[in-house]
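Okay, so here's the structure we're looking at.
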Amino acid sequence: MNQNILKQINRKNSLIIVAVLILGMVLGKFLGSSSGYVDQPQLTDSHNHTKNHKEDTTIWTCSMHPQIQKEAPGQCPICGMDLIPMTTTDQTDQTDPNEIPMTESAMKLAEVQTYTVKAGAPEKSLYLFGKVKPDERHVSVLTARFGGRLEKLYVNFVGQFVRKGQKLASIYSPELNTAQQELLDAAKYKNENPSFYKAARNKLKLWDLTDAQIDAIEKKDQPGFYFDVLSPITGTVTHKDVAIGDYVKKGMSLFEVVNLNRVWVMFEAYESDLPWINNGGQILFTTQAIPGKQFKGNISYIAPFINPTTRVAQVRVEMSNPNLQFKPEMFVNGILQAKITKQNNQILIPKTAVLWTGKRAVVYVKVANRQQPTFVYREISLGPEAGNFYVVTKGLKTGEKIASNGVFKIDASAQLLGKQSMMNPKGDIAKTGKIAGMDM
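Plus 915 on top of the position in the sequence shown (first one is 1) and you've got our numbering.
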């Protein structure tokens, strides 16, 4: 009796549970359809679309503090630098894993500009500083050829103009008196002993006596105690080393006379400028002493050595100076429009395209045949500087395109992404098969 009652109760409970389950399924079906429920394939597509949308979102980061990442441009809260665009995208199909792709929008935001590599004749404007110097070939230093005392002085100040043969001073010399007496004695026997007579005349010539002075001694037939020092050239007295009453010794400097009708303009050129300077090159120059006037001259000499103190080489221009308008030690400023001779087909790139590390020169080359602008790191060798350009000796060829502006931002992004960069020339790519790049 009791067992039948229990069986009936269990059967009722089972029916209730089944009814509740069926009701729940019906309600779930109804509610799901009315709320826009989609099947599994549609859910998968939506998930993929969301994933792609996230991959296309630009992440902005700081080149100095990569831990800072934002979804909008701005400044780094740590250092204040402008944030640069960076995203992660799948690039497993690229040939070079160090390539950095950018969209046109990213190019504009990073202010990236490109330049097509060309060949041409390097030109440069050299600005040179210099001084006016006397022409050393027209400088005469008068020294005492014998000892004595300065009795008379005909040059009273430095800067006095004198002519060739003009008296500068008179020296009293017992030694000269003896030599003159020897000449007079030899003259009496010049027919019997001509060699002795000739030797006596030559001795006086070695003391800078002229033939006219020696003939005057013979004619007078009496030795003199005074010797006149004559100017050997026409020019300006630039040094006066004696005064009346001074005793002079043999070899002592008396006067310096310089002919200033021609002068040298000596310019200073740094080592880096020397490849651009050649004999015959024309230099335009001005001086504050003659305002409003420009002069020009051709290079006649380039010093074969560098001054160890100033690290410059002397470059000489010879100038005619009939009116003595150029004065020694006058400052001048010159400019030389220079070309490197025999190098008229050199590869030239803008200075702004080059990143320097001290030992390496780096550019970012635009990769050809890519759907979007793509750049890759490359080291090059540079020749001399040419104005706003560098001469490239190795690493680039004509027709290639390189980043000429915004280069640092490209390099900063490459460094953040572990690719080849100025500070990381070998690259540090994660071994995941996926490589990050910069995209929009």
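Note that beta-carbon positions come from the ideal geometry of N, C-alpha and C, so glycine has one too.
Legend entry - 6 Å CB neighbourhood of P1138 in its chain, flanking five on each side removed: As a first step, residue 1138 must be located in the sequence shown, where it is residue number 223. Taken in chain order, the residues that qualify are N1092, Q1095, Q1096.
Legend entry - Straight-line gap, M996 to K985 (C-alpha atoms, nearest Å): Numbered from 1 along the sequence shown, position 81 holds the residue referred to as residue 996. Numbered from 1 along the sequence shown, position 70 holds the residue referred to as residue 985. Rounded to whole angstroms, M996 to K985 spans 13 Å at the Cα level.
Inset, instruction - Could you tell me which of K1312, W975, V1070, A1228 sits nearest to H1154, measuring between CA atoms? - result: Residue 1154 sits at position 239 when you count from the first residue of the sequence shown. Residue nearest to H1154 within the set K1312, W975, V1070, A1228 is V1070 (criterion: CA-CA distance).
Inset, instruction - Select from T1267, T1018, E1233, K1118 the residue whose C-alpha is nearest the C-alpha of R1285. - result: Numbered from its first residue, the sequence shown carries residue 1285 at position 370. Looking at the Cα atoms, T1018 is the closest of the given residues.
Legend entry - At least three beta-carbon pairs within less than 8 Å, the region 1308 to 1323 to the region 1021 to 1030: Judged by Cβ distances under 8 Å, the region 1308 to 1323 makes contact with the region 1021 to 1030, as three or more pairs qualify.
Legend entry - Inter-residue Cα distance where the pair is F1111 and P1147: Looking up residue 1111 in the sequence shown gives position 196. Looking up residue 1147 in the sequence shown gives position 232. If I take the Cα positions, the gap works out to 28 Å.
Inset, instruction - Work out the CA separation of I1295 and H968 for me, nearest whole Å. - result: Looking up residue 968 in the sequence shown gives position 53. Looking up residue 1295 in the sequence shown gives position 380. Caution applies to H968, whose pLDDT of 44 falls short of 50 and renders its modelled position unreliable; the model cannot decide the point.
Legend entry - Where T1093 falls: helix, strand or coil (DSSP): Here the question's residue 1093 lines up with position 178 in the sequence shown. T1093 carries a helical assignment under DSSP once its states are collapsed to helix, strand and coil.
Inset, instruction - Just confirm the distance between the C-beta atoms of L1068 and I1205, as a whole number of angstroms; I'd bet it's less than 8 Å. - result: For this step, residue 1068 is matched to residue 153 along the sequence shown. For this step, residue 1205 is matched to residue 290 along the sequence shown. That pair is no contact at about 34 Å.
Inset, instruction - Would you give the residue range spanned by the alpha helix (DSSP H) that Q1128 belongs to? - result: As a position in the sequence shown, residue 1128 is number 213, starting the count at 1. Start and end: 1126 to 1135.
Legend entry - Which listed residue (V1277, V1054, R1177, A1114) has its alpha carbon closest to that of V1047: Position 132 of the sequence shown, counting from 1, holds the residue named residue 1047. Residue R1177 is the option with its Cα nearest to V1047.
Inset, instruction - Give the straight-line distance between the Cα atoms of C977 and Q990, rounded to the nearest whole angstrom. - result: Walking along the sequence shown from the start, residue 977 turns up at place 62. Walking along the sequence shown from the start, residue 990 turns up at place 75. Distance between the alpha carbons of C977 and Q990 is about 8 Å.
Inset, instruction - Run the CB neighbour count on F1072, radius 10 Å, all protein chains shown included, and call it buried at 16 or more, exposed below. - result: On the sequence shown, residue 1072 is found 157 positions in, with the first residue counted as 1. By the neighbour-count rule (16 or more Cβ atoms within 10 Å), F1072 is not buried but exposed.
Legend entry - Alpha-carbon spacing of P1340 relative to Q1330, whole angstroms: By 1-based counting over the sequence shown, the position of residue 1340 is 425. By 1-based counting over the sequence shown, the position of residue 1330 is 415. The C-alpha of P1340 lies about 9 Å from the C-alpha of Q1330.
Inset, instruction - Could you name the residues of the same chain whose beta carbon sits closer than 6 Å to that of I1132, not counting the 5 residues immediately before and after it, in chain order? - result: One-based indexing of the sequence shown puts residue 1132 at position 217. Contacts found: Q1095.
Legend entry - Per-residue burial, S1336 [other beta carbons within 10 Å of its own, 16 or more giving buried]: Here residue 1336 refers to the residue found at position 421 of the sequence shown. Residue environment analysis places S1336 among the buried positions, since at least 16 neighbouring C-beta atoms fall within 10 angstroms of its C-beta.
Inset, instruction - Apply the 10 Å Cβ neighbour rule to G1150 and answer buried if 16 or more other Cβ atoms are within range, or exposed otherwise. - result: If you number the sequence shown from 1, residue 1150 lands on position 235. The residue is buried, with at least 16 neighbouring Cβ atoms inside 10 Å.
Legend entry - From N1193, Y1087, I1198, residue whose alpha carbon lies closest to that of F1044: The residue labelled residue 1044 in the question sits at position 129 within the sequence shown. Nearest C-alpha to F1044 among N1193, Y1087, I1198: I1198.
Inset, instruction - With a threshold of 16 other CB atoms inside 10 Å of the CB of Y1042, please say whether the residue is buried or exposed. - result: By 1-based counting over the sequence shown, the position of residue 1042 is 127. So Y1042 counts as exposed.
Inset, instruction - Please state whether DSSP places Q1330 in a helix, a strand or coil. - result: As a position in the sequence shown, residue 1330 is number 415, starting the count at 1. Under the three-state reduction of DSSP output, Q1330 falls in the helix class.
Inset, instruction - Can you check DSSP and say which residues form a bridge with N1248? - result: Position 333 of the sequence shown, counting from 1, holds the residue named residue 1248. Residue pairing for N1248: DSSP places it in a beta bridge opposite F1044, T1201.
Inset, instruction - Identify the continuous alpha helix (DSSP H) that holds P1265 and give its terminal residues. - result: Here residue 1265 refers to the residue found at position 350 when the sequence shown is read from its first residue. Run containing P1265: none in the alpha helix (DSSP H); it sits in the beta strand (DSSP E), 1261 to 1265.
Inset, instruction - From the DSSP output, read off the bridge partner residues of G1150. - result: Translated into the one-based positions of the sequence shown, residue 1150 becomes position 235. Beta-bridge analysis with DSSP links G1150 to V1077.
Inset, instruction - Compare the Cα-Cα distances from D1011 to each of K1281, K1120, T1125 and report the closest residue. - result: Along the sequence shown, read from residue 1 onward, the residue named residue 1011 stands at position 96. The residue with the shortest Cα to Cα distance from D1011 is K1281.
Inset, instruction - Would you mind sorting D1326 into buried or exposed? The rule is 16 or more other CB atoms within 10 Å of its CB. - result: On the sequence shown, residue 1326 is found 411 positions in, with the first residue counted as 1. Taking a 10 Å sphere around the C-beta of D1326, we find 16 or more other C-beta atoms and assign the residue as buried.
Legend entry - Local Cβ density within 10 Å of Y1216, reported as buried at 16 or more and exposed below that: Residue 1216 sits at position 301 when you count from the first residue of the sequence shown. Exposed.
Legend entry - Closest by C-alpha distance to D1050, when choosing among S1085, A1127, V1172, P992: Counting from one through the sequence shown, the residue named residue 1050 turns up at place 135. For D1050, the nearest C-alpha among the options comes from V1172.
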